[in-house]
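Trainee: Residue numbers (mature numbering (1 follows the signal peptide of the UniProt record, and there is no 0)): -22 to -1, 1 to 491.
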């Protein structure tokens, strides 16, 4: 737990030892001169020489740490991690400035070693810098992979997987595991046309590779902040782990592609999957981008790492919010059961007639956005003035979507789970684009880097939640596993690109009478 702090202190000591007296004098002189020239920086906590604010940063709850930072210093705050200046954005107004007014200045991503390596040196879409390549990759995703037509095409897959999920549920269930299994099989079938049994070797292998990749993407790499001592990444063993994971994932991707290139292969149920579509785009040169096999592998990484987590997290947080608010749960179930009647299941066509359910999902995304923090970087060759503050080229930007969804100037009773805030006076659900357009909530990003898979993720979460509420009544277990203590639901979260509940959500499912 204390290793990162000790590690940073060792780095600081090492750097001090490397500097001669003359170099230190030059640094002090430069600092004095630069302060005279410097235009106004956003306020922020004082940091230490060389490492800046790294020791103050809470990596276990970064979105909450930054939320409290904004309470003290305002919606624009300044940090420094090593040689990297960081702008923290924490309100709808300032998010709009960054993601809309100055979108061109902040539309790229910071370079993080783990993300770049796993993305085949940044040739994917999610972690690519903003350039012509990014625009073409995004076009491939928007027009070919996640278009409304393609989302509808995969409807039978979603309905079948949710039917299988419902059939397996009975008694005490770990809903966190159930939701992750659902999301994993959805991604596997959509991406490469295969589903796995829970104990199947390939499923275990797939899950292990994805979990390791997710951990490596958010790991601390010395080279990102202290390039002069980048060799410490190798000494720590982190670089070895990263290379091993990249190699194993590459082998996995190769196997999937080879299977799809096999002339004897039959498409499952006559349906194309994402790999089929990408191979088709490559062969027919249907895209303005000359797709390579590495491009396809990089996009698969985006699907596996981002797609699996988002749906699972949304379902678990929605059920958490409902269990903590029984009246809301009852209202949602009443709406669903009255409309569906004795049909036995909720289909996708039914979702449009369930406005309160849709409001529950929106309220979940407001309070518990799948990606609580958005990352950008200032890419202009000159300073950018944001709200009177000077943002230098190369500044990393962290947009706290978790804090924005709880902004008291925007939302009444922001900490309360109240789906009614998304209902209109005539009983419909509000147009969420009005909220996201004003950056009052940004669960799927914003600006030029908004998530192109939003439609697929949203309908999957809505359909899964609707069937869980229709098919079962839910209660808490009498006691926590392995103890006599009463089981209590918490809202603690794990750090990572996606916010998951720290402790599994355990519930008792019973069929309604």
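In this text, a Cβ means the ideal position worked out from N, Cα and C, and glycines have one as well.
Under a three-way DSSP split, which group does residue 72 fall into?
Mentor: Three-state result, residue 72: helix.
Trainee: First and last residue of the beta strand (DSSP E) that includes residue 63?
Mentor: Note, residue 63: beta strand (DSSP E), 62 to 67.
Trainee: Taking the alpha-carbon positions, what's the residue -22 to residue 44 distance?
Mentor: Only weak support is given to the placement of residue -22: the predicted model assigns it a pLDDT of 44, under 50, and the question is left unresolved by the model.
Trainee: Using a Cβ-Cβ cut-off of 6 Å (strictly less than) and excluding sequence neighbours within five positions of residue 72, which residues of its own chain qualify?
Mentor: Within the same chain, residue 72 has close Cβ partners 53, 54.
Trainee: Which residues share a DSSP beta bridge with residue 451?
Mentor: Per DSSP, 488.
Trainee: What residue ranges within the segment 221 to 268 form continuous alpha helix (DSSP H) runs of no fewer than 4 residues, ordered along the chain?
Mentor: As far as the segment 221 to 268 is concerned, its whole alpha helix (DSSP H) runs of at least 4 residues are 252 to 262.
Trainee: Taking the C-alpha atoms as reference points, what is the distance between residue 15 and residue 362?
Mentor: A caution first: residue 15 carries a pLDDT of 48, below 50, which makes its placement in the model too unreliable to give a value.
Trainee: List the DSSP bridge partners of residue 56.
Mentor: Answer by DSSP bridge pairing, in chain order: 65.
Trainee: Excluding sequence positions up to five away, which residues of its chain have a Cβ less than 7 Å from the Cβ of residue 92?
Mentor: 194, 195, 197, 199, 220.
Trainee: With DSSP run on the structure shown, which of helix, strand or coil describes residue 112?
Mentor: Note: residue 112 maps to helix in three-state DSSP.
Trainee: For the structure I just gave you, are there three or more beta carbon pairs, one from the segment 224 to 239 and one from the segment 272 to 282, closer than 8 Å?
Mentor: The segment 224 to 239 is in contact with the segment 272 to 282.
Trainee: Quick one, which of 48, 60, 262, 127 has its alpha-carbon nearest residue 26's?
Mentor: With distances taken between Cα atoms, residue 26 lies closest to 60.
Trainee: Counting along the chain, where does the alpha helix (DSSP H) carrying residue 152 start and finish?
Mentor: Taken as a continuous stretch (DSSP letters only), residue 152 belongs to no alpha helix (DSSP H), being part of the beta strand (DSSP E) at 149 to 152.
Trainee: Starting from the C-beta of residue 287, find all residues in its chain whose C-beta is less than 6 Å away, skip the five residues before and the five after it, and write them out in chain order.
Mentor: Correct list, in chain order: 476.
Trainee: Measuring straight from C-alpha to C-alpha, what distance separates residue 150 and residue 466?
Mentor: Taking the straight line from one Cα to the other gives about 14 Å.
Trainee: Consult DSSP for residue 404 and reduce its assignment to one of helix, strand or coil.
Mentor: DSSP places residue 404 in coil when its eight states are reduced to three.
Trainee: I'd like the span of the alpha helix (DSSP H) that includes residue 210, first residue to last.
Mentor: It spans 210 to 213 - the alpha helix (DSSP H) in which residue 210 sits, taken as one unbroken run.
Trainee: Given that a residue counts as buried once 16 or more other Cβ atoms are within 10 Å of its Cβ, and exposed if not, what is residue 1?
Mentor: With a pLDDT of 44 at residue 1, under the threshold of 50, the modelled position of this residue cannot be trusted, and the question is left open.
Trainee: On a CA-only basis, which of 230, 408, 351 is nearest residue 383? Give me that one, please.
Mentor: Checking every option, the nearest Cα to that of residue 383 belongs to 351.
Trainee: Nearest to residue 37 by alpha carbon, out of 117, 478, 474?
Mentor: With distances taken between Cα atoms, residue 37 lies closest to 474.
Trainee: Is the Cβ-Cβ distance between residue 483 and residue 298 less than 8 Å?
Mentor: Yes, these two residues count as a Cβ contact at 8 Å.
Trainee: Are residue 376 and residue 64 touching if we call contact CB-CB under 8 Å?
Mentor: In this structure, residue 64 lies closer than 8 Å to residue 376 by Cβ.
Trainee: Would you mind reading off the limits of the beta strand (DSSP E) that contains residue 374?
Mentor: Per DSSP, residue 374 belongs to the beta strand (DSSP E) from 374 to 378.
Trainee: State the CB to CB distance for the pair residue 333 and residue 435, rounded to an integer number of angstroms; the pair is presumed to be in contact (CB under 8 Å).
Mentor: That pair is no contact at about 19 Å.
Trainee: Quick one: what's got a C-beta closer than 7 Å to residue 98's C-beta in the same chain, skipping five residues either side?
Mentor: Result list for residue 98: 272, 275, 276, in chain order.
Trainee: From residue 225 to residue 189, what does the alpha carbon distance come to, in whole angstroms?
Mentor: The alpha-carbon atoms of residue 225 and residue 189 are separated by roughly 15 Å.
Trainee: Out of curiosity, what's the CA-to-CA distance linking residue 478 and residue 472?
Mentor: Answer to the nearest angstrom: the Cα atoms are 6 Å apart.
Trainee: Start and end of the beta strand (DSSP E) containing residue 352?
Mentor: Element bounds for residue 352: 351 to 355.
Trainee: In whole angstroms, give me the CA-to-CA distance for residue -2 and residue 95.
Mentor: With a pLDDT of 42 at residue -2, under the threshold of 50, the modelled position of this residue cannot be trusted, and the question is left open.
Trainee: If you draw a straight line from the alpha carbon of residue 427 to that of residue 316, how long is it in whole angstroms?
Mentor: For residue 427 and residue 316, the distance between alpha carbons rounds to 40 Å.
Trainee: What's the call for residue 488, buried or exposed, on a 16-neighbour Cβ count within 10 Å?
Mentor: Exposed is the call here.
Trainee: Count the other C-beta atoms from every protein chain shown that fall within 10 angstroms of the C-beta of residue 46, then say buried if there are 16 or more, exposed otherwise.
Mentor: The residue in question, residue 46, is exposed, as its Cβ has fewer than 16 Cβ neighbours within 10 Å.
Trainee: With 16 as the cutoff for other CB atoms within 10 Å, does residue 24 come out buried or exposed?
Mentor: Residue 24 is exposed by the Cβ-count criterion.
Trainee: Looking at C-alpha atoms only, which residue of 178, 201, 21 is the closest neighbour of residue 62?
Mentor: It is 201 whose Cα lies nearest to the Cα of residue 62.
Trainee: Can you tell me which of the three DSSP states residue 38 falls into?
Mentor: Three-state result, residue 38: coil.
Trainee: If you drop the 5 nearest sequence neighbours on each side, which residues of the same chain put their C-beta closer than 7 Å to that of residue 303?
Mentor: Closer than 7 Å at the Cβ level, and outside the excluded window around residue 303, lie 395.
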